[in-house]
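Report on the following structure.
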Amino acid sequence: MVKRKTSIKPSPFPEPRPPRIIVLILAAGIGKRMRSRASKLVHGLAGKPMIRYVVDTALALGAERVLLVVGSQAEDIRVAVGSKDPRVGFCVQDRPLGTGHAVLCAEKSLKSSEGTLLILNGDLPCLRVETLKKLLAFHKQQATPLTLLTAVLPEPGGYGRIVRNYNSDVSRIVEATDAGPEEEQIREINAGIYCVELKHLFHNLLQAGANNAQHEVYLTDLVEILRKNHQKVAAYCHPDPDEVMGVNNRDELARAGKRLFRRKAQELMEAGVTFLDPECTYVESNVRIGRDTVLAPMAFLTGETVLGEGCRIGTGTRISDSLLNDGVEILDYCVVSGSRLGKEVRVGPFAHLRPGTQLDESVRIGNFVETKKTVMGRGSKANHLSYLGDSEVGDGVNIGAGTITCNYDGEKKHKTVIEDGVFVGSDSQLVAPVRVRKGSYVGAGSTITKEVPPYSLAIARGRQVVVKDWAKKRRKPSS
Ligand code: UD1
Ligand code: CA
């Protein structure tokens, strides 16, 4: 093979190589305080399982490996992590004997590794990449075997307390369950985020016992062990304690979820999206929204939803996995899932667009209309009380109030085709499979079972019978 000369010269200032960093995530706990059958780390908040936030953050940091310690619910955790990234791996802690024991279970998997290990509790969904970068930089600067991330809380509750000596150096961490009354008053807490040099980790941690209130091997004992061996432990105190809150129970789950929704709203507002009330509008992390779109309170946007520019989303509307073009307006209390909406489409209030709905530009869907696997052409309307399922509707079609496509015969689904320019009168049923050809009219109240030819009128209803004076005769003569 002939080697081609490349015209790109290497830059005189090469980008600094990101530090080689391995992340170990502790995910084998049973999460008692959650009172759940499932691991607390698979519980969802703001659209993702808790553990996935931590894994995504570790990957975004540029970790060369992300190793999770998993336990009895390993399979659920693997599913929740869902990552196909080859950097993600797993190792097993058979029994949840404590955070220190969990780290020891990773020794084999890390035996050929060196450098800095970043250890993260798995229950830190709000943790940001920027914070980890600051911690790593601080750790490098301090050049200590271990650096802790700490925070100061007005009410330190169940967190491990950072005990400092007369020089203000970190001397140990005492767990809330083991703390005496004085230690309990300490407001600086351990966040469960540690930078440790691998060469100082395992042989030291092996010295930790389980002589504590929970009879567990604590990772936090590493601090005291290193200090006894005359090593220094540094602490990076993070100014935002909410970001590093551990999620242990349902109350904390709700609070962390709220915080993540609020963070997403903030990002979107900064990018030009209007939230009438960002405190109670819920946009999941993967959703994308164009500028000048306005979201009313209690709108819920989930999954892989994308909204264009200048859309308006009403109160109580839920949109999942859908694509809305510019200028779409969804009025109050609609449910839209798996649908694609063209420019200037207007929907609702109280409409239900189910998967497979595809509405071209300027389509109108009004109140109490349900669509499923239905394509509607440009400018077509179904303004009131209809069901359109498995149907193909052309351009400029008017679907009258109460029109139903009867798509299901009890065994199979069938298709209804309504071609361009058709006018379907109110309260009609179209019994599929059936086709209404171009430009024709269906009389109100018809039950259409056969193809309607182009430009014709189809009426399929009982003829009106008028019995003259019938009511008068029925009435008893008044005496
Ligand atoms: C831990 C810290 C505490 C700190 C707090 C921060 C210890 C002993 N305590 O307490 O100092 O203030 O986090 O949020 O580390 N896990 C395992 N295997 C186990 C036990 C736990 O993998 O045997 C995992 C859990 O799944 C979880 C993480 O370790 O992701 C932390 O466990 P958790 O029980 O939440 O620790 P805390 O009591 O919150
Ligand atoms: Ca915790």
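Per the working numbering, the sequence shown starts with residue 1, numbered consecutively.
Yeah, the Cβ is synthetic: ideal placement off N, Cα and C, and Gly gets one too.
DSSP-derived helix/strand/coil call for residue i
i	result
Leu276	coil
Met376	strand
Asn121	strand
Thr131	helix
Ser109	helix
Val452	strand
Lys476	coil
Val347	strand
Gly89	strand
Gly192	strand
His200	helix
Ala491	The question about residue 491 has no answer, for the chain in this structure spans 1 to 479.
Arg33	helix
Glu392	strand
Pro414	Checking the displayed sequence, the identity of residue 414 turns out to be His instead of Pro. His414 falls in the coil class under three-state DSSP.
Leu97	coil
Ala254	helix
Asp321	coil
Arg78	helix
Arg164	strand
DSSP beta-bridge partners of residue i
i	result
Ser386	Val369
Cys237	Thr150
Pro49	Gly44
Asn547	Given a span of 1 to 479 for the chain in the structure shown, any question on residue 547 remains unanswerable.
Cβ separation of residue i and residue j, assumed to be a contact under 8 Å, to the nearest whole Å
i	j	result
Glu188	Thr131	Rounded, the Cβ-Cβ distance is 17 Å, inconsistent with contact.
Asn325	Glu304	Asn325 to Glu304, Cβ: 16 Å. No contact.
Thr57	Val129	5 Å
Leu127	Val244	6 Å
Asp178	Gly100	Not confirmed; about 14 Å, so no contact.
Ala27	Leu45	Between Leu45 and Ala27 the Cβ distance is about 16 Å, and since that is not below 8 Å, they are no contact.
Cys105	Val88	Incorrect: roughly 17 Å between the Cβ atoms, too far for contact.
Local Cβ density within 10 Å of residue i, reported as buried at 16 or more and exposed below that
i	result
His230	exposed
Ser446	buried
His215	exposed
Thr449	exposed
Met34	buried
Arg461	exposed
Pro125	buried
Asn121	buried
Glu419	buried
Thr401	Looking at the sequence provided, one finds Ala at residue 401 rather than Thr. Its Cβ being crowded by 16 or more others within 10 Å, Ala401 is buried.
Gly272	exposed
Met269	exposed
Glu184	exposed
Handout entry: Cβ pair count under 8 Å reaching 3, the segment 161-181 against the segment 101-117
Key = no
Practice task
Taking 8 Å as the threshold, find out whether the segment 392-400 comes into contact with the segment 412-429 through three or more Cβ pairs.
Solution key: yes
Handout entry: contact_flag[the segment 46-61, the segment 140-147] where n(CB pairs < 8 Å) is 3 or more
Key = no
Handout entry: Contact the segment 82-90 vs the segment 188-205: 3+ CB pairs below 8 Å
Key = no
Handout entry: Stretch-stretch touch, CB-based, cutoff 8 Å, three pairs: the segment 298-315 with the segment 326-336
Key = yes
Handout entry: Cβ pair count under 8 Å reaching 3, the segment 454-461 against the segment 401-412
Key = no
Practice task
Would you check if the segment 281-301 and the segment 66-79 touch, i.e. whether three or more CB-CB distances between them fall below 8 Å?
Solution key: no
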